[in-house]
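Per this note's numbering: the sequence shown = residues 12 to 109. In this text, a Cβ means the ideal position worked out from N, Cα and C, and glycines have one as well. Note that the coordinates shown come from a computational prediction; the quantities given were computed from them, not determined experimentally.
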Amino acid sequence: MSDNNQVVPGKNAAMASMVLGIISVVLWFFGYSSILSVILGIIGLVLASKAKKEGFNDGIRTAGFVLSLIGLIGGAIFFISCVACVSAFSNAAVNLGY
Numbered sequence: 012m013s014d015n016n017q018v019v020p021g022k023n024a025a026m027a028s029m030v031l032g033i034i035s036v037v038l039w040f041f042g043y044s045s046i047l048s049v050i051l052g053i054i055g056l057v058l059a060s061k062a063k064k065e066g067f068n069d070g071i072r073t074a075g076f077v078l079s080l081i082g083l084i085g086g087a088i089f090f091i092s093c094v095a096c097v098s099a100f101s102n103a104a105v106n107l108g109y
């Protein structure tokens with residue numbers, strides 16, 4: 012057997028966290044999918060935490076944590092700004108009598 016086939020505890024969770032973090036950062040640029048960015052950011056943070064609890068403390072876990080956090084914060088800010096913008100436009104339309 013090869014030594015490359017050993018299972019490292021927490022590595023898969025760290026890798027999934029990094030992938031979800033990357034997707035989360037990309038999605039918050041697309042407006043309405045920013046709510047999906049928030050959801051994926053939360054899942055990525057949970058997976059990064061799980062990987063740390065399992066003893067995996069490599070750069071992949073750190074990158075997943077940071078990217079998920081950025082995606083979560085950016086997605087939340089963008090989602091809130093989209094809701095505020097839609098609200099402002101609807102108030103303007105009501106005030107103008109449309």
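- request: State buried or exposed for ILE88, treating a residue as buried only when at least 16 other CB atoms are found within 10 Å of its CB.
  value: Exposed, since its Cβ has fewer than 16 Cβ neighbours within 10 Å.
query: Does DSSP put LYS61 in a helix, in a strand, or in coil?
result: For LYS61, the secondary structure class from DSSP, reduced to helix, strand or coil, is helix.
message: So, at 6 Å on beta carbons, what are the nonlocal neighbours of SER44 in its own chain, with the 5 sequence-adjacent residues on each side left out?
response: LEU38
field: Counted within 10 angstroms of its Cβ, other Cβ atoms place VAL49 as buried (16 or more) or exposed
entry: buried
- prompt: Any contact of the region 90-103 with the region 55-65, i.e. 3+ C-beta pairs under 8 Å?
  reply: no
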